[in-house]
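Step one of this worksheet: look at the structure below.
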C-alpha cells in the first residue's frame, strides 16, 4: 500500500483540526478561536489503495515565520517535503486566506485547496466559481463542509491525484521586471553556494532545484531574517544591497511583495466570487454589544459568574452520589479486610484520599463543558478581544489572554499555547504569570472550603479566587515588565470568528478529553501521593500525632503560625507541590472521617479564605514547572516563578488574615 | 421598541436594587446575591439601548440566568432527596423574578424579531 504524506495547513480558525478529525477519525480538540493547534499532530486515513498520513500544522496567516507556530509550519513544509499540502481556505474570507495559498504556490508545494465553510458562504449569498478558482490557481479546489464531514471523499481523491500527477499547472506572481532580475541574480549566486549548515531548515532548498532557489531568493529580497541566517554572508550582503536599491525605487520590499500578492488575490476574488451580502451579519450585530467599550467587560464577568454558579449548583447531587459510593466502598473494605493496617490503608488512605478528589469530577466536567461551549460559540475570542484593552494597559499582549484563559483548564497546555505570540518578551511574560491563572486542579480545594465556610455564597467565593488570580497575574505582569523587560507590548490583531451554533458532539468530546486527564491523575499521581501520605501518617507508631508526617508538619508549621493553619493543613500544601489535586486528597487522608466537619473545627472563615488564596498562588505543580523550563529554555525562569509565587502566596494569605481579623 | 427596552431596563434595575437590598438584609423577598444584582444591572444597561442586537443579548443573558437558577434548584432538590430522603422547594430558590423577567425578554424579542423579518 502506497503512503502519501499530507500536511494540513491554513489560517487560524478555518477548521483545520475539524478537517483533520474528519479525515482521520481522531478526536483532537477543536475550538472556535484562533490558536488551538500549536504543535503538529499526526493521524492516518485510507483512500482506495493509498494510506494517507495526515499532519495537522498550526494555523498561520503566512509563511513569514514571525512566531513559533509559523516557524513550525514553515519548517515542516520545507524540511519534511510532504507529498501534498491541503491548504484549508475559509470560503467566506477568500481574500485573506489566499495570501498563504500564494506563498505555498511560490514554494512549489503540491497544493490541494479545501474550500471550507461553503454552507456559510451560501448563507451569505456568495457564489464561488470553483472551476474558475481552480483555473486561476492551477491546483485542485474541493468545496467541503468539515463540520459535517461533507466533501471528504472528493478531497481524498484530489489528494491522491495531486500526489500522483502534481498540480494542474504552475502559477507565478508577477513582481515586475526589476524585482525578477534581482531574484534571478540571487538565484545565480545561490546556485554556487555551499551550505554551511546542512541541518538548517533551508538546507534542502539551497541544495534543490532552480524553482526552490527562487523561493529563497524571494525571501531574501523580502528581508526574511531566517533566510539571511542560512545563506553565505556574501550572498546575504549582496541581497541586502539589491534590496536597498529596489527600496529606493519601490519603497519597503516586504510591503511591496505583499502588495503584489494582494493585487493578484484581488483579481482572483473579483473573477471568482459573485454576490455576497454587504449588510451586517448576525455576528457583526451581536458583536456591537459584546465588544462594546462599556458593556463588553461587565458582560464577560456576568458570563463567568454564571459559569461558576452552574458548576457549583448543578454538580451537587452528582457529588453526593460519588461521596455515598466511596463511603459505602470504604466501609465495605474496612469490614471485609481482616488485617487492620491493610484495611486502614485501603479504606481510609486510598478510598478517603482518592475519593475526596474524585467527588469533584462532576464540577470539573461541568466547568470544562461550559468553557467548551463558550469556545465553540465563538465567545472566547470576544472575551480575548474585550480584555485586550485592559491587558495592553497593564503591559500584557492581547494574545496572552487566550493562554491565560486556557490556564483555567491546565497551566501546561496554556504555557505551550504562548507559542502563537510573536514577541519573545511578551511570550516570556505570559509564561511567567500563567501559573497564577486558577487551573482545574485547584477547583476541588475551593469547592470544599467554599462549601464548608461560605454556604450560600459558594459561586461568588469561587469566582473571587479566579478574579484574584487574574488580578495578581495583572499586577505581576506590570511589575515583571517594569523590572526585567521595559517597553510596551506589541499591538494585537485578532480575527473574530463568526458566532456558530455549538455542536454538542464537539463539546462533549472536548470536555471528555480535558476531564479525563483529571480522572487519570486520580488513578496515578494522586493515588501514589495519598498512599505515601498514609504511610507517613501511620508510621512509626500507628498514631498520626507521633507520625513522620506530624514530625515534618510540626517542624514547618511555625512558619505558617501567623496564618493560623494547623500542621495537617501545612502538610497538605507540601503534598500539593506534586499536583494541586493532592491537597484535597491529603486533607482527606490526614483528617479522616467527615472532612467537612473536621475542617470546620480546624479553620476560621478568614483562615479558610486565606488557605484558598494560598493554594491558588503558591508554587506551580511539577508539570507546570517543567513546562516553564521547557518553553523558556532556562531553569532560571522556572526557579524565578517558584520563588515569586511562594513569596506572593504568603504575602497575600497574611494580608487576608490580618485584614480579615480587623473586620 | 423604545418603550419595551426602557421598561425592561427599568425592571432589571429594580431587580438589581432589590437583590442588593436583600443582600444587605433590608428586604427579604428578593434573592440576596451581589453577583446576581450585578448581572441584573448589566442586563439593565444592555436594555437601555433600544435596538435589536441589544435586545437579543439582553434576552440571552436573561434566559441564561433563569435557566441556571432552575437547574440549580432542581439539583438542590435532588441533593436534598439523596441526603435526607425528602425534599421541598420554595419560590425564592427558583428565583421566580428572574424567570418572569426572562419570559418577558423572550416575548419582547420574539415580537420585535418577527416585525423585523416582516419589514425586511
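Protein chains in written order, with our numbering: chain A, 8 to 670; chain B, 7 to 126.
All C-beta atoms, glycine included, are put in the ideal place defined by N, C-alpha and C.
Just so we're clear, the structure is a prediction, and the values are computed from it rather than from any experiment.
Legend entry - For residue 393 of chain A and residue 303 of chain A, the rounded distance between their alpha carbons: Indexing the first chain from 1 puts residue 303 of chain A at position 296. Indexing the first chain from 1 puts residue 393 of chain A at position 386. One C-alpha to the other measures close to 6 Å.
Legend entry - 7 Å Cβ cut-off: residues of chain A touching residue 85 of chain B: By one-based count along the second chain, residue 85 of chain B stands at place 79. Going along chain A in sequence order, the residues near residue 85 of chain B (Cβ under 7 Å) are 323, 324 and 327.
Inset, instruction - Taking the CB atoms as reference points, tell me whether residue 71 of chain B and residue 104 of chain B lie closer together than 7 Å. - result: By 1-based counting over the second chain, the position of residue 71 of chain B is 65. By 1-based counting over the second chain, the position of residue 104 of chain B is 98. Against a cut-off of 7 Å, the Cβ pair of residue 104 of chain B and residue 71 of chain B comes out as a contact.
Legend entry - Contacts that residue 527 of chain A makes with chain B (C-beta to C-beta distance below 8 Å): For the purposes of this step, residue 527 of chain A is taken as residue 520 along the first chain, with counting starting at 1. Near residue 527 of chain A there are no residues of chain B at all, since even the closest Cβ is about 26 Å away, more than 8 Å.
Inset, instruction - Would you mind working out which of A/32, A/646, A/106 and A/132 sits nearest residue 50 of chain A, comparing C-alpha positions? - result: Position 43 of the first chain, counting from 1, holds the residue named residue 50 of chain A. Out of A/32, A/646, A/106 and A/132, A/32 has the C-alpha closest to the C-alpha of residue 50 of chain A.
Legend entry - Within 7 Å, strictly: CB atoms of residue 326 of chain A and residue 364 of chain A: Numbered from 1 along the first chain, position 319 holds the residue referred to as residue 326 of chain A. Numbered from 1 along the first chain, position 357 holds the residue referred to as residue 364 of chain A. Cβ distance not < 7 Å, so residue 326 of chain A and residue 364 of chain A don't count as in contact.
Legend entry - Per DSSP, cross-strand counterpart(s) of residue 134 of chain A: Here the question's residue 134 of chain A lines up with position 127 in the first chain. Beta-bridge pairing links residue 134 of chain A to A/281.
Legend entry - residue 587 of chain A classed as buried or exposed, judged by whether at least 16 other C-beta atoms fall within 10 angstroms: Walking along the first chain from the start, residue 587 of chain A turns up at place 580. With 16 or more other Cβ atoms within 10 Å, it is buried.
Inset, instruction - Measure from the C-beta of residue 32 of chain B to each C-beta in chain A and report whether the shortest distance is under 7 Å. - result: Indexing the second chain from 1 puts residue 32 of chain B at position 26. Answer no: the Cβ-Cβ gap between residue 32 of chain B and chain A never drops below 7 Å.
Legend entry - Environment of residue 335 of chain A [buried if 16+ CB atoms lie within 10 Å]: For the purposes of this step, residue 335 of chain A is taken as the residue at position 328 of the first chain. Residue 335 of chain A should be labelled exposed.
Legend entry - residue 666 of chain A, buried or exposed, once every other Cβ within 10 Å from all chains shown has been counted against 16: For this step, residue 666 of chain A is matched to residue 659 along the first chain. By the 10 Å Cβ count, residue 666 of chain A comes out exposed.
Legend entry - Alpha-carbon to alpha-carbon, residue 477 of chain A and residue 296 of chain A: Reading the first chain from its first residue, position 289 is the one you call residue 296 of chain A. Reading the first chain from its first residue, position 470 is the one you call residue 477 of chain A. Using only the alpha carbons, I get a separation of about 24 Å.
Legend entry - Min CB distance residue 56 of chain B to chain A below 7 Å: Along the second chain, one-based indexing puts residue 56 of chain B at 50. For residue 56 of chain B, the answer is no, since every Cβ of chain A falls outside 7 Å of its Cβ.
Legend entry - Beta-carbon gap between residue 410 of chain A and residue 20 of chain A smaller than 7 Å: Walking along the first chain from the start, residue 410 of chain A turns up at place 403. Walking along the first chain from the start, residue 20 of chain A turns up at place 13. Contact: no.
Legend entry - Residues in the region 288-309 of chain A having any Cβ partner in chain B nearer than 8 Å: 292, 293, 295, 296, 297, 301, 302, 305, 306, 308 and 309
Inset, instruction - Compare the beta carbon distance of residue 96 of chain A and residue 122 of chain A with 7 Å and say whether it is the shorter of the two. - result: Here residue 96 of chain A refers to the residue found at position 89 of the first chain. Here residue 122 of chain A refers to the residue found at position 115 of the first chain. A contact, by the Cβ cut-off of 7 Å.
Legend entry - Beta-carbon proximity of residue 111 of chain A to residue 91 of chain A, cut-off 7 Å: One-based indexing of the first chain puts residue 111 of chain A at position 104. One-based indexing of the first chain puts residue 91 of chain A at position 84. Cβ distance not < 7 Å, so residue 111 of chain A and residue 91 of chain A don't count as in contact.
Legend entry - Below-7 Å beta-carbon distance, residue 672 of chain A vs any chain B residue: Residue coverage of chain A in this structure runs from 8 to 670, which leaves residue 672 of chain A outside it and unanswerable.
Legend entry - Identity of the residues DSSP links to residue 150 of chain A by a beta bridge: Residue 150 of chain A sits at position 143 when you count from the first residue of the first chain. DSSP lists A/122 as partners of residue 150 of chain A.
Legend entry - Local conformation of residue 59 of chain A per DSSP, three classes: Taking the first chain and counting its residues from 1, the one referred to as residue 59 of chain A is at position 52. Reduced to three states, the DSSP call for residue 59 of chain A is strand.
Inset, instruction - Using beta-carbon positions only, say whether residue 46 of chain B and residue 10 of chain B come within less than 7 Å of one another. - result: Working through the second chain from its first residue, we reach residue 46 of chain B at position 40. Working through the second chain from its first residue, we reach residue 10 of chain B at position 4. For residue 46 of chain B and residue 10 of chain B, no; Cβs fall outside 7 Å.
Inset, instruction - Could you tell me which chain B residues have their CB closer than 8 Å to the CB of residue 467 of chain A, listed as they occur along the chain? - result: On the first chain, residue 467 of chain A is found 460 positions in, with the first residue counted as 1. Within 8 Å Cβ-Cβ: 39, 40 and 41.
Legend entry - Rounded C-alpha distance that separates residue 659 of chain A from residue 126 of chain A: Taking the first residue of the first chain as 1, we reach residue 659 of chain A at position 652. Taking the first residue of the first chain as 1, we reach residue 126 of chain A at position 119. Going from the Cα of residue 659 of chain A to the Cα of residue 126 of chain A covers about 52 Å.
Legend entry - Residue(s) in a DSSP beta bridge with residue 17 of chain A: Working through the first chain from its first residue, we reach residue 17 of chain A at position 10. According to DSSP, which records beta bridges pairwise, residue 17 of chain A is partnered with A/95.
Legend entry - Residue range of the alpha helix (DSSP H) that includes residue 163 of chain A: By one-based count along the first chain, residue 163 of chain A stands at place 156. Residues 159-172.
Legend entry - Sufficient close CB pairs (3 or more, under 8 Å) joining the region 598-615 of chain A to the region 412-420 of chain A: no
Legend entry - As assigned by DSSP and simplified to three states, the class of residue 8 of chain B: Taking the first residue of the second chain as position 1, residue 8 of chain B is located at position 2. Helix.
Inset, instruction - Note down the Cα distance separating residue 343 of chain A from residue 352 of chain A, rounded to an integer number of angstroms. - result: Residue numbering aside, residue 343 of chain A sits at position 336 when the first chain is read from its first letter. Residue numbering aside, residue 352 of chain A sits at position 345 when the first chain is read from its first letter. Approximately 13 Å, taken between the alpha carbons.
Inset, instruction - Consult DSSP for residue 574 of chain A and reduce its assignment to one of helix, strand or coil. - result: Within the first chain, the letter at position 567 stands for residue 574 of chain A. Here residue 574 of chain A sits in helix by DSSP.
Inset, instruction - Please decide whether residue 77 of chain B counts as near chain A, where near means a Cβ-Cβ distance under 7 Å. - result: Position 71 of the second chain, counting from 1, holds the residue named residue 77 of chain B. By this cut-off, residue 77 of chain B is an interface position.
Inset, instruction - Using a Cβ cut-off of 7 Å (strictly closer), state whether residue 11 of chain B contacts chain A. - result: Numbered from 1 along the second chain, position 5 holds the residue referred to as residue 11 of chain B. So, not an interface residue.
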